[in-house]
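Every letter in the sequence shown is one number past the one before it in UniProt numbering, and letter 29, counting from 1, is 29.
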Amino acid sequence: MLLILGKSVLWLTDFFEGFFAGHWRSCPHEAGLASKLNNLQNDLSSVQLVNGADTWESSLDKYKAFKVCDIRWKVDGQYGITQNIPTIKWSKEVPNKVNCFLWRVIQKSIASMSGLRARGIETQTTMCGACINEEEDADHILVRCPFAKSVRDKIFNWCGIQNQSFNSIDELLGFVENWGKRPKMKARFHTICYGLVWN
Numbered sequence: 001m002l003l004i005l006g007k008s009v010l011w012l013t014d015f016f017e018g019f020f021a022g023h024w025r026s027c028p029h030e031a032g033l034a035s036k037l038n039n040l041q042n043d044l045s046s047v048q049l050v051n052g053a054d055t056w057e058s059s060l061d062k063y064k065a066f067k068v069c070d071i072r073w074k075v076d077g078q079y080g081i082t083q084n085i086p087t088i089k090w091s092k093e094v095p096n097k098v099n100c101f102l103w104r105v106i107q108k109s110i111a112s113m114s115g116l117r118a119r120g121i122e123t124q125t126t127m128c129g130a131c132i133n134e135e136e137d138a139d140h141i142l143v144r145c146p147f148a149k150s151v152r153d154k155i156f157n158w159c160g161i162q163n164q165s166f167n168s169i170d171e172l173l174g175f176v177e178n179w180g181k182r183p184k185m186k187a188r189f190h191t192i193c194y195g196l197v198w199n
């Protein structure tokens, strides 16, 4: 059994009847950890082991299913944290790396010149390397840059869609989400646009 208290790591070779026995790398009493050890022993004394498979249960779900997202919502709600991050549709038709990239894009966490500078990494300039007209951020690289716009216009033309003007990746993904009524065509357009943003 491995016991971690603070930054001290203690190895136990045996645990029985509420008392620890074994060879300690450092003695808890000498390290000033006696109160933590007593608290641990008290916590372990209330644990009742039962036969059967181990399960994770949560009181946050009516079926007692444990889900990390429920815990996240509970913690965020408790501390008044609100996230206004738009959602993306996780597409099965595109590789996971594309889905992950889009997820990072909507969180504004892809490497751009302005993003690197905001993280304390010195760059010679924050201007876009393709057009040199505007500061390079995620929205500019993927949506507003004339190079990205010309590629998008050609792909939209190929799909038979009238050219659209977008100022942010959120607007583009919102358009993609709301475009079309036929499920198969909508799924294909999703895949094409996700590939467009990836490339």
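Even glycine gets a Cβ: it sits at the ideal position worked out from N, Cα and C.
Residue i, DSSP secondary structure in three states
i, result
"Ala130", "coil"
"Trp198", "helix"
"Glu93", "coil"
"Glu177", "helix"
"Glu135", "strand"
"Thr191", "helix"
"Gln41", "helix"
"Lys7", "Residue placement at Lys7 is flagged as unreliable, the pLDDT there being 43, under the threshold of 50; a coordinate-derived value is accordingly withheld."
"Asn99", "helix"
"Ser168", "coil"
"Met185", "helix"
"Ile106", "helix"
"Leu33", "coil"
Limits of the unbroken alpha helix (DSSP H) element including residue i
i, result
"Asp61", "Run containing Asp61: none; DSSP gives neither H nor E here."
"Asn157", "146–158"
"Gly115", "113–118"
"Arg72", "68–78"
"Gly52", "From DSSP, Gly52 is part of no alpha helix (DSSP H); its letter is neither H nor E."
Per-residue burial, residue i [other beta carbons within 10 Å of its own, 16 or more giving buried]
i, result
"Ala138", "buried"
"Val105", "buried"
"Cys128", "buried"
"Ile121", "exposed"
"Cys100", "exposed"
"Val75", "exposed"
"Leu49", "exposed"
"Leu102", "buried"
"Leu33", "buried"
"Ile159", "A quick correction: the sequence has Cys, not Ile, at residue 159. Cys159 is exposed by the Cβ-count criterion."
Beta-carbon contacts of residue i that lie in its chain and below 8 Å, excluding the five residues immediately before and after
i, result
"Ile71", "Ser58, Leu60"
"Thr126", "Met113, Ser114, Arg117, Glu135, Glu136"
C-beta contact flag for residue i and residue j at 8 Å
i, j, result
"Asn163", "Val143", "no"
"Cys131", "Phe147", "yes"
"Lys89", "Glu171", "no"
"Trp179", "Phe189", "yes"
Spatial neighbours of residue i in its chain, beta-carbon cut-off 6 Å, leaving aside the 5 residues before and after
i, result
"Val94", "Thr191, Tyr194"
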